[in-house]
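Asks: I am attaching a structure below and will ask some questions about it afterwards.
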Amino acid sequence: MPRYPPEQIYAAVCALLPELDEPLKGQVQSLLTQAANGQPADLQLLDLLSQDDALRQRLRRLLQAEETTREATLGGYSGLGGETYSTKAGDVFACPECGYRFVIGEDGEQPLPCEKHPRVRLSKEQ
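Those letters in the sequence shown? Residues 16 to 141, per our numbering, in order.
Here is the structure:
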């Protein structure tokens, strides 16, 4: 079981995308699309990106940075476990920086971060 929640893994992978070569980038984007469609892909992404030592270390640094940012934002308080968004099937979340949209497939599903702006909180469309 990974140490990081899927949302944190997806955000780190999105930040790593520009550094990947085209064949690997295509595989990663395919897995991110799978995740966007409600099928977990976090473990597959970790396996794929851990095959290369340099990528594995870069991903580890990104994940640690995500965790540090999250802890700094929360002041060390993790609060109760649970969702960062309250979602229902059909809800639409959008990146305020670009045209990225994520449609929730089932109640409780968390939206994937924007590939271009992984640190920007998505807003729920009305």
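Each residue gets a CB set at the ideal place from its N, CA and C atoms; glycine is no exception.
Computed from a prediction, not measured in an experiment: that's the story for all the values here.
What's the call for alanine 27, buried or exposed, on a 16-neighbour Cβ count within 10 Å?
Replies: In the sequence shown, residue 27 corresponds to position 12, counting from 1. Buried: at least 16 other Cβ atoms inside 10 Å.
Asks: Please work out which residues of its chain come closer than 8 angstroms, Cβ to Cβ, to glutamine 42, disregarding the five sequence neighbours upstream and downstream, and give them in chain order.
Replies: Taking the first residue of the sequence shown as 1, we reach residue 42 at position 27. For glutamine 42, where only same-chain residues beyond five positions count, the Cβ hits under 8 angstroms are Leu63.
Asks: Measure the alpha-carbon distance for leucine 70 versus serine 101 and round it to whole angstroms.
Replies: Mapped onto the sequence shown, residue 70 falls at position 55. Mapped onto the sequence shown, residue 101 falls at position 86. Distance between the alpha carbons of leucine 70 and serine 101: 33 angstroms.
Asks: Report yes if the C-beta distance between proline 111 and cysteine 29 is below 8 angstroms; otherwise report no.
Replies: Along the sequence shown, one-based indexing puts residue 111 at 96. Along the sequence shown, one-based indexing puts residue 29 at 14. Going by C-beta atoms, proline 111 is not nearer than 8 angstroms to cysteine 29.
Asks: Are asparagine 52 and glycine 120 touching if we call contact CB-CB under 8 angstroms?
Replies: To locate residue 52, count along the sequence shown from 1; it is residue 37. To locate residue 120, count along the sequence shown from 1; it is residue 105. Against a cut-off of 8 angstroms, the Cβ pair of glycine 120 and asparagine 52 comes out as a contact.
Asks: Which residues in the same chain have their Cβ closer than 8 angstroms to the Cβ of isoleucine 24, if we skip the five residues on either side of it in sequence?
Replies: Here residue 24 corresponds to residue number 9 of the sequence shown, with the count starting at 1. Only Pro17, Asp57, Leu60, Leu61, Leu78 meet the Cβ criterion.
Asks: State the DSSP-derived secondary structure class of lysine 40, mapped to helix, strand or coil.
Replies: If you number the sequence shown from 1, residue 40 lands on position 25. In the structure shown, lysine 40 sits in a helix (DSSP, three-state: H, G or I).
Asks: Between proline 55 and glutamine 49, what straight-line distance do the alpha-carbon atoms span, to the nearest angstrom?
Replies: Position 40 of the sequence shown, counting from 1, holds the residue named residue 55. Position 34 of the sequence shown, counting from 1, holds the residue named residue 49. Rounded to the nearest angstrom, the two C-alpha atoms are 7 angstroms apart.
Asks: Helix or strand or just coil, what does DSSP make of serine 101?
Replies: Here residue 101 corresponds to residue number 86 of the sequence shown, with the count starting at 1. DSSP places serine 101 in coil when its eight states are reduced to three.
Asks: Cα separation between cysteine 113 and glutamate 140?
Replies: Reading the sequence shown from its first residue, position 98 is the one you call residue 113. Reading the sequence shown from its first residue, position 125 is the one you call residue 140. Straight-line Cα distance between these residues: approximately 14 angstroms.
Asks: Does arginine 75 come out as helix, strand or coil in the three-state DSSP assignment?
Replies: Taking the sequence shown and counting its residues from 1, one reaches residue 75 at position 60. In the structure shown, arginine 75 sits in a helix (DSSP, three-state: H, G or I).
Asks: Which one or two residues does DSSP pair with serine 138 in a beta bridge?
Replies: Residue mapping note: residue 138 aligns to position 123 of the sequence shown, counting from 1. Answer is Ala109.
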